[in-house]
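Novice:
Residue numbers (the numbering used here): 3 to 157.
Below, the structure written as structure tokens:
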């Protein structure tokens, strides 16, 4: 579903992004990736931080395109789905992000099953990759939103 279709259905709302907000979201995603790489913390915490970095990237893409999620249940799922249009991600990656979302949700409300270090590592690696893709997309398609102090950042 396109962003315009989501807006017509009231699932996302028009929004005017500001450079300072994009900067804050990028920095938050970078910090979360850094935290997720810390092998001294538990795997579930690392996975959760990687998930939040991925979610921040999805939110950056949505806001850079002039939208924000409508309030209510399901906003994380919807925000991740918009990566199909904002970054043209393939369905397999979107499915992986939705699986991370589900795992994070289960962990938050039901307690995590043990998260293997390799699973946390994979989530961190993908979060870093997505952040690079998002920054490249911003530089190419929304250069006015890239803060000057982040113009050469490569996470």
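Ideal Cβ placement from N, Cα and C applies to all residues, glycine included. Here the structure is a predicted model, which is why all the values come from computation and not from measurement.
1) Using 10 angstroms around the beta-carbon of residue 99, count the other beta-carbons present and answer buried if the total reaches 16, otherwise exposed.
2) What residue range is occupied by the uninterrupted beta strand (DSSP E) comprising residue 10?
3) Could you say which of 107, 46, 36 lies nearest to residue 129 if we only look at CA atoms?
4) Hey, would you say residue 38 sits closer than 8 Å to residue 59, going by beta carbons?
5) Does the beta-carbon of residue 63 have 16 or more other beta-carbons within 10 angstroms, so that it is buried, or is it exposed?
6) Quick check: residue 69 and residue 133, are their CB atoms within less than 8 Å of each other?
7) Give me the residue from 66, 86, 85 with the minimum Cα distance to residue 148.
8) Could you name the residues of the same chain whose beta carbon sits closer than 8 Å to that of residue 21, not counting the 5 residues immediately before and after it, in chain order?
9) Assuming residue 15 is part of the beta strand (DSSP E), what are its boundary residues?
10) On the DSSP letters alone, give me the boundaries of the beta strand (DSSP E) that residue 25 sits inside.
Specialist: Straight from the coordinates:
1) buried
2) No beta strand (DSSP E) holds residue 10; the alpha helix (DSSP H) holding it covers 5–10.
3) 36
4) no
5) buried
6) no
7) 66
8) 146, 147, 148, 149
9) 14–16
10) First-last for residue 25: 21–38, but that is the alpha helix (DSSP H), not the beta strand (DSSP E).
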